[in-house]
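What follows is a short report on a single structure.
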Amino acid sequence: MALYYSLVFGLLVTELPLPNTWRVKTLKFVSESQVVARVIHGIKIALAGVLILFVDAVNKMFNVGLEAEKIHEGKADLNAASVIHANKFYAQRNVYLTGFTLFMSFIITRTYVMILDLSSAAIHVTEPEVPVPPPTLSGTKSKKVE
7 MALYYSLVFG
17 LLVTELPLPN
27 TWRVKTLKFV
37 SESQVVARVI
47 HGIKIALAGV
57 LILFVDAVNK
67 MFNVGLEAEK
77 IHEGKADLNA
87 ASVIHANKFY
97 AQRNVYLTGF
107 TLFMSFIITR
117 TYVMILDLSS
127 AAIHVTEPEV
137 PVPPPTLSGT
147 KSKKVE
């Protein structure tokens, strides 16, 4: 089997619904593991770098837009038009890629938090509740009424 077929098969197998006990154990491991916490910390650092790249790409896109306006006004060399259009394309591409990466990181983070909340709620629903005795007033003793 070719490598890409194996990768697609592995992806599809991981997307299969897991039994509830496996899902709970997996989510509990992921939410409590120190290794996963370190990986998430590294991902957050990488996303900070992507944010810096996004700001730089937006700045570059505005600068290229100003150069494109100069061409339309006739103040720039007409032979440079293709170079400016290529730079404009690259700048817009970088904005879209970095913006999409940041947006998807937000979506994945929210989905992860929602799944953890749902799994913890499912655990509380499936566990039998221990009856809680009614609260008593501190300092007072109950007296028999005759």
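In this text, residue positions in the sequence shown follow the working numbering: the first is 7, and each later residue adds one.
Just so it is clear, CB atoms sit at the ideal spot from N, CA and C, and this is done for glycine as well.
Indicate whether residue i and residue j have their beta-carbon atoms separated by less than 8 Å.
i, j, result
"I121", "L33", "yes"
"M2", "A92", "Nothing in the structure corresponds to residue 2, since the chain is present only between 7 and 152."
"K94", "A74", "yes"
"I90", "V119", "no"
"S125", "R29", "yes"
"L18", "L53", "no"
Where does residue i sit, in a helix, a strand or coil, going by DSSP?
i, result
"A21", "Checking the sequence shown, residue 21 turns out to be Glu, not Ala. Reduced to three states, the DSSP call for E21 is coil."
"S88", "helix"
"S126", "helix"
"S37", "helix"
"A54", "helix"
"A8", "coil"
How do the segment 44–62 and the segment 100–111 stand: do at least 3 beta-carbon pairs fall below 8 Å, yes or no?
-> yes
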